[in-house]
Amino acid sequence: MTRRRADFTVLCTALAVFVLAGCSQDGFQLDEKQREVSREVAARVNGEAIYTADVELEAVARGLVVSGAALRSGDEAYRQVLDQLIDQKLMAQEAERLGLEKDPAAQRRLEMAQERIMGNLLVESVVAQQVTDEMIDRMYAEQVRLQQVNDQVSVAHIVTESEEEAEAVWLRVQAGEPFEGLVFNHSKDSATRMENGDLGYVAPNDLPDPYPVVIANTPVGEVSAPFQVEDSWRLLKVKDRRTEPPKTREEMRPEIATFLTLSEVSRILRRLRTEASIEKVDGQTYTPENAPAPAKALTGDEL
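Numbered according to mature numbering (1 follows the signal peptide of the UniProt record, and there is no 0), the sequence shown spans residues -21 to -1, 1 to 282.
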C-alpha cells in the first residue's frame, strides 16, 4: 500500500516536469469561473496603468495567496507585489526607451515568452473543460481502492430509511450526542442495532460503494456525513484502523487534478506531434506518416 501511494506521488512529480515552463500552480485550480479582467487601476507609472487584477494574479503565481482568496490594498502581500510590478514597469519602460526590444535576439525572446503564455492558456483551458469534479471523484475512488487493499478498519453504522432521518441523526451527532446512544432508536439494521451498530474489523473494499471512499474520508473516532447505499441512508463511524489511512479526497485532490491536467496536455501534444510536420536540425522531416510513436499514456489503472 505504501509503495502504491509513493508511486502516485512520484508519477505526479514526473508529469509536472512535462508541463510547460512558467505555468503556475494556479493553472491546476478547479471550480474557477471565467471572469472579465478587472480594469481597476492599482497604480500608474509614467501614465501606464498597473491593474489590481495584475497584482492578484502575480500574488497567486508567487504563492503569496491562494487562488480566489481576497487580496486587499492594505495587505502586505498586495503592497509587496505592487511595488515589484512598479519596478518591473519602470525597467520595461527604460528598456523600451533604449530601444532594446528592437534587437533581433530580444524579439525572439519576446516571441518565446508569448509562446509560453499561449501554452499556459491552453493548460488553463484543459483544466476548465476536461478536469471535472466527476473525474476527480472517479480517480479518487480508484486510488482509495488500491490504497485500502490490505486495510482492516473497525467501523459501526446507523442505517435509516430516508435522507431526512439520516440528516436529523447527523445533526444530533454534530451537537455532541454519542453515536452509540443513537443507534438503538434510529438504526434499521436489526443485525447490528443491539451491538451499537458495530460491523467489526472490515476490509473497506469488501463493502458496497460508497463505503470505501467514506471510510477513507473519515478519521478515526469521527462520524461521516450521511451517504446513500441502494435504498437506505447511512452514517458511519470509524472506530479504529490497523493500517495507515489513505489521504482524504481534499488532500489528494491537487495531485489528482495535476495528474489529469498533465495527462490531457500529454494527449494533446501527442495528437499535435502526429499531425504536424517537424523538421529537426539533422534534416530529418517528421510527418504524420513517419512520426515517432508517442509515449504511452498512463491511466488511473497504472498509477
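Where is the CB? At the ideal position from N, CA and C, for every residue including glycine.
Beta-carbon spacing of residue i, residue j below 9 Å
i: A21; j: Y30; result: yes
i: G176; j: D188; result: no
i: D116; j: R228; result: yes
i: A170; j: P183; result: no
i: V152; j: V202; result: yes
i: V132; j: R252; result: no
i: K218; j: A135; result: yes
i: P233; j: W149; result: no
i: residue 316; j: E35; result: With the chain covering -21 to 282 only, the question about residue 316 has no answer from this structure.
i: L215; j: T197; result: yes
i: N106; j: A255; result: The question names Asn, but residue 106 in the sequence shown is Val. Against a cut-off of 9 Å, the Cβ pair of A255 and V106 comes out as no contact.
i: E75; j: L89; result: no
Helix, strand or coil at residue i according to DSSP, with G and I counted as helix
i: A240; result: It should be noted that the sequence gives Thr, not Ala, for residue 240. Here T240 sits in helix by DSSP.
i: T227; result: coil
i: A204; result: coil
i: G78; result: coil
i: V110; result: coil
i: T171; result: coil
i: L43; result: coil
i: E258; result: strand
i: L248; result: helix
i: D33; result: helix
i: L101; result: helix
i: T197; result: coil
i: E234; result: helix
i: R51; result: coil
i: D186; result: Residue 186 is actually Leu in this sequence, not Asp. Coil.
i: Q126; result: helix
Per-residue burial, residue i [other beta carbons within 10 Å of its own, 16 or more giving buried]
i: Q207; result: exposed
i: E243; result: buried
i: I257; result: exposed
i: M70; result: exposed
i: M97; result: exposed
i: F158; result: buried
i: A145; result: buried
i: V123; result: buried
i: L241; result: buried
i: L161; result: buried
i: L100; result: exposed
i: E103; result: buried
i: L61; result: buried
i: L178; result: buried
Contacting residues, own chain, Cβ-Cβ under 6 Å from residue i (five flanking each side not counted)
i: A28; result: V20
i: V138; result: S166, K167, D168, S211 and R213
i: A120; result: V192
i: E11; result: In this prediction, E11 scores a pLDDT of 44, lower than 50, which makes its location untrustworthy; the coordinate-derived value is nonetheless stated afterwards. The answer is none, since no qualifying residue turns up.
Cross-strand partners of residue i (DSSP beta bridge)
i: R23; result: A28
i: S211; result: V208
i: V162; result: Bridge partners of V162: none, in fact.
i: S133; result: Y180 and D219
i: T139; result: W212
The ligand ATP heavy atom lying under 8 Å from the CB of residue i
i: D168; result: Ligands are entirely absent from the displayed structure, and the ligand ATP is therefore not among its contents.
Nonlocal neighbours in the same chain, by C-beta distance under 8 Å from residue i, ignoring five residues either side
i: L239; result: Q109, V110, M114, I115 and M118
i: I65; result: A22, V24 and I29
i: Q59; result: L43
i: M173; result: F163
Residues near residue i in its chain [Cβ-Cβ closer than 7 Å; skip 5 each side]
i: E140; result: K167 and S211
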